[in-house]
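Chemist:
Number of protein chains: 2
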Amino acid sequence: MDDDSRLAIHQVTFLPQWSFRESIEGLARHGVTCTAIWRDKLHEIGVGEGAMILADHGMKVTGLSVGGLATSPDPRAWQAAVDDTRRAIEEASRIGADHVVMLSGGLEAGSKDVSGARQRALEAVGRVVPDARASGVKLGLEPLHPMLCEKRAVLCTLKQANEWCELLDDDPAVGIVVDTYAVWWDPALEEEIAKAGPRICAFHVNDWLSDTRDLRLDRGMMGDGVIDIPWIRRAIERSGYWGPCEVEIFSERDWWRRDPDEVVRVIKERTRTHV
Amino acid sequence: MDDDSRLAIHQVTFLPQWSFRESIEGLARHGVTCTAIWRDKLHEIGVGEGAMILADHGMKVTGLSVGGLATSPDPRAWQAAVDDTRRAIEEASRIGADHVVMLSGGLEAGSKDVSGARQRALEAVGRVVPDARASGVKLGLEPLHPMLCEKRAVLCTLKQANEWCELLDDDPAVGIVVDTYAVWWDPALEEEIAKAGPRICAFHVNDWLSDTRDLRLDRGMMGDGVIDIPWIRRAIERSGYWGPCEVEIFSERDWWRRDPDEVVRVIKERTRTHV
Chain A
1 MDDDSRLAIH QVTFLPQWSF RESIEGLARH GVTCTAIWRD KLHEIGVGEG AMILADHGMK
61 VTGLSVGGLA TSPDPRAWQA AVDDTRRAIE EASRIGADHV VMLSGGLEAG SKDVSGARQR
121 ALEAVGRVVP DARASGVKLG LEPLHPMLCE KRAVLCTLKQ ANEWCELLDD DPAVGIVVDT
181 YAVWWDPALE EEIAKAGPRI CAFHVNDWLS DTRDLRLDRG MMGDGVIDIP WIRRAIERSG
241 YWGPCEVEIF SERDWWRRDP DEVVRVIKER TRTHV
Chain B
276 MDDDSRLAIH QVTFLPQWSF RESIEGLARH GVTCTAIWRD KLHEIGVGEG AMILADHGMK
336 VTGLSVGGLA TSPDPRAWQA AVDDTRRAIE EASRIGADHV VMLSGGLEAG SKDVSGARQR
396 ALEAVGRVVP DARASGVKLG LEPLHPMLCE KRAVLCTLKQ ANEWCELLDD DPAVGIVVDT
456 YAVWWDPALE EEIAKAGPRI CAFHVNDWLS DTRDLRLDRG MMGDGVIDIP WIRRAIERSG
516 YWGPCEVEIF SERDWWRRDP DEVVRVIKER TRTHV
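So the protein lines, in turn, are chains A and B.
For the first sequence, my numbering assigns the number 1 to the initial residue and increments by one for each residue that follows.
For the second sequence, my numbering assigns the number 276 to the initial residue and increments by one for each residue that follows.
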């Protein structure tokens, strides 16, 4: 991708290296003007302080991660997740984020009821739609890779995300987050991206490593894996999305161990050559 | 499942512990009358000898694993995979197997062309359909879990397997292998099982472990994971399949390290309680 202005980098890419403030200062230093926020980091510094740091650096914010995770069959735990998502919406509004990244959540320990978990996760999204609408913050439904179905996301495919949007009457407050890592394998990818069209509110990029060692924390730098990222980007552009390309790399063995300034430099280079 | 006569156990479940002969003798000793065969093991002992051992023990054979793996963009490598699949069909015929388990294959090293790999894999299946028909052996298309898309199977979903069957004019020589591990997460599972109907030629059972450590070799014993196996079995029965329930566990850390007689005992028990 040759348009540097579309580059966004999620602060979770420097999870162990940089504090909230350091990540915003660091990105600004490298001329990156758009980021995504990890709630734990925001909470450490406080929402007011976080909002000020972002404003001081003229940093745009795509998503705030994460809301949702409301699959529990226990009504109190489910309600607590809904309440937490409402707080995420409010936080997103205060820091000027475009959307809350909504993970559906996985299976409760001991449960085998994927279908029930899906119903409850969808019900939770519907419950907070009015809050999102009132705050001018979108709910970005993000399907994760099916290998995370049990742990993090019973929402596994773009097709399912499209169906959820329809079930939510295509409320404009509900969008879809497309992550290359989550969807690259999907035989229905092109068709479902086309269907998603204007629902797409974010595009996350990173790569699938051939020697993947961990289901969640072993994502690769663009170009180090097997995903044809430009092909997915172009499909998304054909569907009408021309917003930020947001690099988000969970990498316990590699990128989380490197000098974060080096990581940003590599990301900028690889975005030009492999996104 | 309370019908012991439907139990089959794939000899790969004892890959490091039992030779070909030992696995057939072992299963027979425990009253198991149906198995599936791993080609490497068959080749070690020879097809003729293997067929005799099976016949001597009155052992029925579901699938012979594996054929296919024809995704290479190099025409010679692709042709070699087709030729090897023809040999698998002939071997399957000689040992009286119902089908060859057809894995599509993953991405060639360095390739990012999933779509091309899929075309070539499908083309290879079409190429050997006449051989299968002539030998009275089915080709069992087995989608694997999407996390194995890069390494082993660009055929990732039951929907895609159904589409391939249609593209192959629903030739009765082509069937579908449903493996609980590969499909449990799929939001379209029930619908696609119903569509598959009489195409289903095998049902593999094993479980998804909550602390999965390896993408390929860390499958769980039924009951140790999160898959609602009886729910999938009933869906498959509604679609008309009442054949063997075939236990197939690749387990580097656990079941491949245990006394195989103990493994068979546990399988028999868990089949009653968790299949």
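Glycine included, C-beta positions come from ideal geometry on N, C-alpha and C.
Determine the chain B residues that contact residue 228 (chain A) at a beta-carbon separation under 8 Å, and present them in chain order.
Modeler: The residue labelled residue 228 (chain A) in the question sits at position 228 within the first sequence. Simply 387, 388, 389.
Chemist: Going by DSSP, what residues sit across from residue 520 (chain B) in a beta bridge?
Modeler: As a working mapping, residue 520 (chain B) is identified with position 245 in the second sequence. DSSP lists B:282, B:478 as partners of residue 520 (chain B).
Chemist: Taking 8 Å as the CB-CB cut-off, is residue 431 (chain B) touching chain A?
Modeler: For this step, residue 431 (chain B) is matched to residue 156 along the second sequence. Judged by the 8 Å Cβ criterion, residue 431 (chain B) is in contact with chain A.
Chemist: Taking three-plus beta-carbon pairs below 8 Å as touching, is the stretch 493–503 of chain B in contact with the stretch 216–226 of chain A?
Modeler: no
Chemist: Flag residue 520 (chain B) as yes if its beta-carbon sits less than 8 Å from any beta-carbon of chain A, otherwise no.
Modeler: Looking up residue 520 (chain B) in the second sequence gives position 245. No, its Cβ sits nowhere closer than 8 Å to a Cβ of chain A.
Chemist: Pick out whichever of B:392, B:500, B:417 has its Cα sitting closest to the Cα of residue 468 (chain B).
Modeler: Residue mapping note: residue 468 (chain B) aligns to position 193 of the second sequence, counting from 1. Nearest of B:392, B:500, B:417 to residue 468 (chain B), Cα basis: B:417.
Chemist: Counting along the chain, where does the alpha helix (DSSP H) carrying residue 165 (chain A) start and finish?
Modeler: Along the first sequence, one-based indexing puts residue 165 (chain A) at 165. First-last of the alpha helix (DSSP H) with residue 165 (chain A): 158–167.
Chemist: To the nearest angstrom, how far is it from the Cα of residue 354 (chain B) to the Cα of residue 379 (chain B)?
Modeler: What you label residue 354 (chain B) is simply residue 79 of the second sequence in a count that begins at 1. What you label residue 379 (chain B) is simply residue 104 of the second sequence in a count that begins at 1. Rounded to the nearest angstrom, the two C-alpha atoms are 14 Å apart.
Chemist: Identify every residue that forms a DSSP beta bridge with residue 339 (chain B).
Modeler: Residue mapping note: residue 339 (chain B) aligns to position 64 of the second sequence, counting from 1. Note: residue 339 (chain B) sits in a beta bridge opposite B:312, B:375.
Chemist: Report the three-state DSSP secondary structure of residue 321 (chain B) (helix, strand or coil).
Modeler: Here residue 321 (chain B) refers to the residue found at position 46 of the second sequence. Coil at residue 321 (chain B), not helix or strand.
Chemist: DSSP three-state call for residue 416 (chain B): helix, strand or coil?
Modeler: Within the second sequence, numbered from 1, the residue matching residue 416 (chain B) stands at position 141. Residue 416 (chain B) falls in the strand class under three-state DSSP.
Chemist: Spell out a yes or no on whether the stretch 257–272 of chain A and the stretch 405–423 of chain B are touching, meaning 3 or more CB-CB pairs, one atom from each, closer than 8 Å.
Modeler: no
Chemist: Expressed to the nearest angstrom, what Euclidean distance is found between the alpha-carbon atoms of residue 270 (chain A) and residue 543 (chain B)?
Modeler: Counted from its first residue, the first sequence places residue 270 (chain A) at position 270. Counted from its first residue, the second sequence places residue 543 (chain B) at position 268. If I take the Cα positions, the gap works out to 52 Å.
Chemist: Taking only beta-carbon atoms, is residue 420 (chain B) less than 8 Å away from chain A?
Modeler: Counting from 1 along the second sequence, the entry for residue 420 (chain B) is found at position 145. So, interface residue.
Chemist: Give me the chain D residues within the contact set of residue 487 (chain B), using Cβ-Cβ distance strictly less than 7 Å, ordered along the chain.
Modeler: Absent from the structure: chain D. Protein chains present are A and B.
Chemist: Can you check which of these residues, B:526, B:461, B:455, B:513, is closest to residue 520 (chain B) by C-alpha distance?
Modeler: Counting from 1 along the second sequence, the entry for residue 520 (chain B) is found at position 245. Per the Cα distances, B:455.
Chemist: Under a Cβ-count criterion, where at least 16 other Cβ atoms within 10 Å of its own Cβ denotes burial, should residue 73 (chain A) be classed as buried or exposed?
Modeler: Here residue 73 (chain A) refers to the residue found at position 73 of the first sequence. By the neighbour-count rule (16 or more Cβ atoms within 10 Å), residue 73 (chain A) is not buried but exposed.
Chemist: Would you kindly report the start and end of the unbroken beta strand (DSSP E) that includes residue 468 (chain B)?
Modeler: As a position in the second sequence, residue 468 (chain B) is number 193, starting the count at 1. Not the beta strand (DSSP E): residue 468 (chain B) falls in the alpha helix (DSSP H), residues 464–471.
Chemist: For a test of the three-state rule: what should DSSP assign to residue 386 (chain B), helix, strand or coil?
Modeler: Your numbering for residue 386 (chain B) matches position 111 in the second sequence. Three-state DSSP puts residue 386 (chain B) in coil, outside helix and strand.
Chemist: Pick from B:277, B:287, B:407, B:430: whose alpha carbon is nearest that of residue 527 (chain B)?
Modeler: Locating residue 527 (chain B) in the second sequence gives position 252, counting from the first residue. Out of B:277, B:287, B:407, B:430, B:287 has the C-alpha closest to the C-alpha of residue 527 (chain B).
Chemist: With 8 Å set as the bound, which would you pick, yes or no: does the beta-carbon of residue 467 (chain B) sit closer than that to a beta-carbon of chain A?
Modeler: The count along the second sequence starts at 1 and reaches residue 467 (chain B) at position 192. Chain A, which has no Cβ nearer than 8 Å to the Cβ of residue 467 (chain B), makes this no.
Chemist: Take residue 274 (chain A) as the anchor and find which of A:264, A:262, A:225, A:242 has the nearest alpha-carbon.
Modeler: What you label residue 274 (chain A) is simply residue 274 of the first sequence in a count that begins at 1. When only C-alpha atoms are compared, the closest one is A:225.
Chemist: If we count the other Cβ atoms within 10 Å of its Cβ and call it buried at 16 or more, is residue 394 (chain B) buried or exposed?
Modeler: Translated into positions along the second sequence, residue 394 (chain B) becomes position 119. Flag for residue 394 (chain B) reads exposed.
Chemist: For residue 178 (chain A), write down the residues that DSSP places opposite it in a beta bridge.
Modeler: Your numbering for residue 178 (chain A) matches position 178 in the first sequence. For residue 178 (chain A), which the question treats as bridged, DSSP gives the partners A:203.
Chemist: Below 8 Å on the Cβ atoms is my contact criterion, and I expect residue 450 (chain B) with residue 332 (chain B) to pass it. Report the Cβ-Cβ distance as a whole number of Å.
Modeler: Residue mapping note: residue 450 (chain B) aligns to position 175 of the second sequence, counting from 1. Residue mapping note: residue 332 (chain B) aligns to position 57 of the second sequence, counting from 1. The Cβ separation is near 25 Å, so there is no contact.
Chemist: Hey, would you say residue 307 (chain B) sits closer than 8 Å to residue 539 (chain B), going by beta carbons?
Modeler: Walking along the second sequence from the start, residue 307 (chain B) turns up at place 32. Walking along the second sequence from the start, residue 539 (chain B) turns up at place 264. Closer than 8 Å, so yes.
Chemist: Give a yes or no on whether the minimum CB-CB distance between residue 483 (chain B) and chain A is below 8 Å.
Modeler: The residue you call residue 483 (chain B) lines up with position 208 of the second sequence. Closer than 8 Å: yes.
Chemist: What do you get for residue 314 (chain B), buried or exposed, if any count of 16 or more other CB atoms within 10 angstroms of its CB means buried?
Modeler: Looking up residue 314 (chain B) in the second sequence gives position 39. It counts as buried.
Chemist: For residue 440 (chain B), decide whether its Cβ has a neighbour in chain A, counting only Cβ atoms nearer than 8 Å.
Modeler: Counted from its first residue, the second sequence places residue 440 (chain B) at position 165. So, not an interface residue.
Chemist: Please work out which residues of its chain come closer than 6 Å, Cβ to Cβ, to residue 460 (chain B), disregarding the five sequence neighbours upstream and downstream, and give them in chain order.
Modeler: Numbered from 1 along the second sequence, position 185 holds the residue referred to as residue 460 (chain B). The answer is none, since no qualifying residue turns up.
Chemist: Check for me: the alpha helix (DSSP H) holding residue 274 (chain A) runs from which residue to which?
Modeler: Residue 274 (chain A) sits at position 274 when you count from the first residue of the first sequence. Residue 274 (chain A) -> alpha helix (DSSP H) spans 260–274.
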